[in-house]
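Numbering (my numbering), first residue to last: 577 to 861. So the structure is just underneath, and the comments pick up after that.
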């Protein structure tokens, strides 16, 4: 057995072509079988790779698979030439095949290295893109949460406004709420009846849109002083309603800041026209 291994080593190191008659038959058989099986394996692998990429058109790196298939074909051809050289000289053909194999293998290695480098860059870019997408998703989620919070706050605010309006409508005395620009922001039904105007017409307007100039100036003077010092005041005023009726009213006003620290004014009006007329008709004591 040791002698057989020594002969095989000498053949692999420096075996002259056409030397099969110099080697033992078992060694030649062993060489032929191993080289033949290697060639068959290489060509089978090449066939399977080519069949695979032929069916899978979406497969990435098709070029690399084709190059590797070509290399395996050349490797198998080298094994057949090794068997051929046991009986017949084929130095030029064997050298040509080896040169082609070396060139193809080197070219394939270069292509693989470039593909790996590009894949690393692509992976880095993909990671960066993934991070950007995650940041965008987080931002969108925050915006959605904020939008939901604002929507909920608006719903609650509308509910409170509706609830407050219903409470004010149950009060028989006319009530109004004004902002710093003297515009009505809330009125109850009693105030609408007093002014003989619908709520939608009154909201956002001021006394100057409905009263006479003198009446509006008097009201605004009282409210301006109240806004400047806050507190409360009670004044007797003359107003003209929407149907042209002259009324004498007693208005209690209170100025304070709302939850946004904006000045507002709340007024309660009482119609004292009948009382004033009765006082005028009554004889003095």
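The beta carbon of each residue, even a glycine, is placed where N, CA and C say it ideally should be.
| query | result |
| --- | --- |
| Residue 754 burial status per 10 Å Cβ neighbour count (16 or more: buried) | buried |
| For residue 853, the three-state DSSP class (helix, strand or coil) | helix |
| First and last residue of the uninterrupted beta strand (DSSP E) at residue 823 | 822-833 |
| Endpoints, the beta strand (DSSP E) within which residue 756 is located | Looking at the DSSP string, residue 756 is not in any beta strand (DSSP E), and its letter there is neither H nor E. |
| As assigned by DSSP and simplified to three states, the class of residue 780 | coil |
| Limits of the unbroken beta strand (DSSP E) element including residue 818 | Run containing residue 818: none; DSSP gives neither H nor E here. |
| Contact check, residue 762 vs residue 787, beta carbons under 9 Å | no |
| Environment of residue 655 [buried if 16+ CB atoms lie within 10 Å] | buried |
| Classification of residue 843 by the beta-carbon crowding that lies within 10 angstroms, buried from 16 upward | buried |
| Residues sharing a beta bridge with residue 839, DSSP | 833 |
| Any non-hydrogen atom of the ligand ZN closer than 8 Å to residue 750 Cβ | The model on display carries no ligand, and the ligand ZN is accordingly not part of it. |
| Rounded C-alpha distance that separates residue 831 from residue 746 | 22 Å |
| Nearest-angstrom beta carbon gap, residue 768 and residue 759 [assumed within contact, 8 Å] | Contact flag wrong, Cβ pair sits at about 16 Å. |
| For residue 632, three-class secondary structure by DSSP | coil |
| Sequence-distant residues of its chain with Cβ nearer than 6 Å to residue 622 (five each side left out) | 645, 648, 649 |
| CB of residue 653 within 9 Å of CB of residue 620, strictly | no |
| Residue 749 and residue 766 closer than 9 Å at C-beta | yes |
| Residues bridged to residue 911 [DSSP beta-bridge criterion] | Residue 911 lies beyond the range of the chain shown here (577 to 861); nothing can be said about it. |
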